[in-house]
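Taking it in order: structure first as structure tokens, then the write-up.
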Amino acid sequence: MALLEVSGITKRFGGLVAVNDLDLSLDKGQILGLIGPNGAGKTTAFNMISGFYQPDEGQVIFDGQDITGLRPDQVCKLGVTRTFQVVKPFPQLTVRDNVMVGAYNRTNDRKESRKKAEKIIEFLGMKDMREMAAGSLSVAYRKRLEVAKALATDPKIILLDEAMAGLRPTETDEMIELVREISRQGTALLLVEHVMRVIMSLAERIVVIHHGEKIAEGEPQQIVQDKSVIDAYLGEVEIDVTG
Ligand SMILES: Nc1ncnc2c1ncn2[C@@H]1O[C@H](COP(=O)(O)OP(=O)(O)O)[C@@H](O)[C@H]1O
Ligand SMILES: [Mg+2]
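Quick note on numbering: the sequence shown equals residues 1243 to 1485 in our numbering.
Encoded structure:
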């Protein structure tokens, strides 16, 4: 059985069906890309998986357990953590304290959470910034801090929502390496990303959604050649499969 089995999740906002009958499945340590045009329902899907929204229909099974309708903190405790497309640090707190908030998911001990935070901050190359207020970080490092906070919760799956949007190419390359390393260490990732270079170099499988519905699923090379995907989405983004 897959680590994450999402079946038939649906979310309606009034008359709008933001996500319609979506199935997803993710194995341990795997990277699954979720792509689609703006407004396709990607973030809404994340919100349902991570407990921020209750699905109107469908089920989310994690590690064999039905987590549908659980609260975000309960879902996080079980091992599913998400980052936010619009980053949400505590701006007045230092980088270290922000990461410590994540670490408190697994411990109540201040020393232990601090130690863990330091280790993760170093992993993300932010050691020199650990005393800085999160609000004073550049966009690139705010995005990285989101990943640090997520990692500090000791997740089995991280849902990354456009963690590389707005980054420069070199910053993007660094993030790709970090994500690859996180995956190597056994954490599964569900990746929402518009930068196709990122998806192509990281995802083992890609699910494409359009108007809330899955229109394709497969390996990256298959997906970039899929006519319905090109018509719905890839026609409007820059494809660079060389990187
Ligand atoms: N809280 C909400 N209330 C009403 N409509 C929403 C809400 N969240 C998202 N939507 C709508 O649902 C659709 C999917 O949005 P979203 O999941 O954010 O798309 P994506 O992340 O793929 O760009 C959009 O039409 C959006 O306007
Ligand atoms: Mg979104």
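Yeah, the Cβ is synthetic: ideal placement off N, Cα and C, and Gly gets one too.
The structure presented is a predicted model; accordingly, all values stated were derived computationally and were not measured.
How far does the beta strand (DSSP E) with Gln1301 in it extend, from its first residue to its last? Along the sequence shown, read from residue 1 onward, the residue named residue 1301 stands at position 59. Per DSSP, the continuous beta strand (DSSP E) segment holding Gln1301 begins and ends at Glu1299 to Phe1304.
For Ile1465, which residues in the same chain have their Cβ closer than 7 Å to its Cβ, ignoring the five residues on either side in sequence? Counting from 1 along the sequence shown, the entry for residue 1465 is found at position 223. Cβ within range, chain order: Ile1448, Val1450, Ala1458 and Val1471.
TODO: Within the same chain, show all residues whose beta-carbon is closer than 7 Å to that of Asn1289, passing over the 5 residues directly before and after it, in chain order.
DONE: In the sequence shown, the residue the question calls residue 1289 occupies position 47. Excluding the 5 residues flanking it on each side, Asn1289 has same chain C-beta neighbours closer than 7 Å at Tyr1295, in chain order.
Candidates Lys1330, Asp1305 and Glu1354: closest to Ser1378 by CA position
Along the sequence shown, one-based indexing puts residue 1378 at 136. It is Lys1330 whose Cα lies nearest to the Cα of Ser1378.
Query raised in the report: Per DSSP, Ala1375 is paired with what?
Result: Within the sequence shown, numbered from 1, the residue matching residue 1375 stands at position 133. DSSP lists Thr1336 as partners of Ala1375.
>> Measuring straight from C-alpha to C-alpha, what distance separates Asp1396 and Thr1252?
In response: Within the sequence shown, numbered from 1, the residue matching residue 1396 stands at position 154. Within the sequence shown, numbered from 1, the residue matching residue 1252 stands at position 10. The straight-line gap from Cα to Cα measures roughly 28 Å.
For Asp1473 and Gln1467, I'd like the C-alpha separation in whole angstroms. As a position in the sequence shown, residue 1473 is number 231, starting the count at 1. As a position in the sequence shown, residue 1467 is number 225, starting the count at 1. Roughly 11 Å separates the two Cα atoms.
Handout entry: Distance between Met1406 and Val1437 (C-alpha atoms, nearest Å)
Key = For this step, residue 1437 is matched to residue 195 along the sequence shown. For this step, residue 1406 is matched to residue 164 along the sequence shown. About 8 Å.
_Residue span of the alpha helix (DSSP H) that contains Phe1255, given as start and end_ = Position 13 of the sequence shown, counting from 1, holds the residue named residue 1255. From DSSP, Phe1255 is part of no alpha helix (DSSP H) but of the beta strand (DSSP E) over Leu1246 to Phe1255.
- Under 8 Å between C-beta atoms of Leu1393 and Ile1441: Counted from its first residue, the sequence shown places residue 1393 at position 151. Counted from its first residue, the sequence shown places residue 1441 at position 199. For Leu1393 and Ile1441, no; Cβs fall outside 8 Å.
With DSSP collapsed to three states, give me the class of Gly1454. To locate residue 1454, count along the sequence shown from 1; it is residue 212. Taken through DSSP and simplified to helix, strand or coil, Gly1454 comes out as coil.
Which parts of the segment 1403-1460 are runs of the beta strand (DSSP E), unbroken and 3 residues or longer, counting only runs that do not cross its ends?
Within the segment 1403-1460, the complete beta strand (DSSP E) segments of 3 residues or longer fall at 1430-1434, 1447-1452 and 1455-1460, listed in chain order.
Using three-state DSSP, classify Asn1347 as helix, strand or coil. Taking the first residue of the sequence shown as position 1, residue 1347 is located at position 105. If DSSP states are grouped into helix, strand and coil, Asn1347 belongs with coil.
Next item on the list: Verify the contact flag: Thr1285, CB atom, against every heavy atom of ligand 2, threshold strictly below 7 Å.
Entry: Your numbering for residue 1285 matches position 43 in the sequence shown. Indeed, a heavy atom of ligand 2 lies less than 7 Å from the Cβ.
Between Ile1273 and Ser1425, which are expected to be in contact by the criterion C-beta below 8 Å, what is the C-beta distance as a whole number of angstroms?
-> As a working mapping, residue 1273 is identified with position 31 in the sequence shown. As a working mapping, residue 1425 is identified with position 183 in the sequence shown. Their Cβ separation, rounded to whole angstroms, is 5 Å, which keeps Ile1273 and Ser1425 in contact under 8 Å.
Handout entry: Contacts around Asn1262, its chain only, beta-carbon distance under 6 Å, and the 5 residues preceding and following it disregarded
Key = Position 20 of the sequence shown, counting from 1, holds the residue named residue 1262. Excluding its 5 nearest sequence neighbours in each direction, Asn1262 has C-beta neighbours in its own chain below 6 Å: Thr1252, Gly1454 and Glu1455, listed in chain order.
Which residues in the same chain have their Cβ closer than 7 Å to the Cβ of Asp1315, if we skip the five residues on either side of it in sequence? For the purposes of this step, residue 1315 is taken as the residue at position 73 of the sequence shown. Around Asp1315: no qualifying Cβ.
Give a yes or no on whether the C-beta atoms belonging to Ser1292 and Leu1401 are separated by under 8 Å.
For the purposes of this step, residue 1292 is identified with residue 50 of the sequence shown, where counting begins at 1. For the purposes of this step, residue 1401 is identified with residue 159 of the sequence shown, where counting begins at 1. If you check the CB distance, Ser1292 and Leu1401 come in under 8 Å.
Checklist entry - Which residue comes first and which comes last in the alpha helix (DSSP H) that contains Asn1289? => result Taking the first residue of the sequence shown as position 1, residue 1289 is located at position 47. That run of the alpha helix (DSSP H) goes Lys1284 to Ile1291.
> So what does DSSP say about Gly1275, is it helix, strand or coil?
Replying inline: Within the sequence shown, residue 1275 is the residue found at index 33, counting from 1. Strand at Gly1275.
Original post:
Can you tell me whether Gly1408 is buried or exposed, with buried defined as 16 or more other CB within 10 angstroms of its CB?
Top reply: Your numbering for residue 1408 matches position 166 in the sequence shown. Exposure of Gly1408 is indicated by the presence of fewer than 16 other C-beta atoms within 10 angstroms of its C-beta.
For this session: Select from Leu1387, Gly1281 and Glu1413 the residue whose C-alpha is nearest the C-alpha of Lys1369.
Result: In the sequence shown, the residue the question calls residue 1369 occupies position 127. In terms of Cα proximity to Lys1369, the closest of Leu1387, Gly1281 and Glu1413 is Leu1387.
| message | Assuming Gly1321 and Ile1399 are in contact, meaning their beta carbons sit under 8 Å apart, how far apart are those beta carbons, in whole angstroms? | response | Your numbering for residue 1321 matches position 79 in the sequence shown. Your numbering for residue 1399 matches position 157 in the sequence shown. Between Ile1399 and Gly1321 the Cβ distance is about 7 Å, and since that is below 8 Å, they are a contact.
Check your understanding: Can you list, in chain order, the residues of its chain whose CB lies under 7 Å from that of Ala1244, leaving out five sequence neighbours each side?
Key -> Counted from its first residue, the sequence shown places residue 1244 at position 2. Hits under 7 Å: Ser1267, Leu1268 and Asp1269.
Rounding to the nearest angstrom, what Cα-Cα distance links Thr1412 and Arg1439 in this structure?
Sequence index remark: in the sequence shown, residue 1412 carries index 170 (1-based). Sequence index remark: in the sequence shown, residue 1439 carries index 197 (1-based). The C-alpha of Arg1439 is placed about 12 Å away from the C-alpha of Thr1412.
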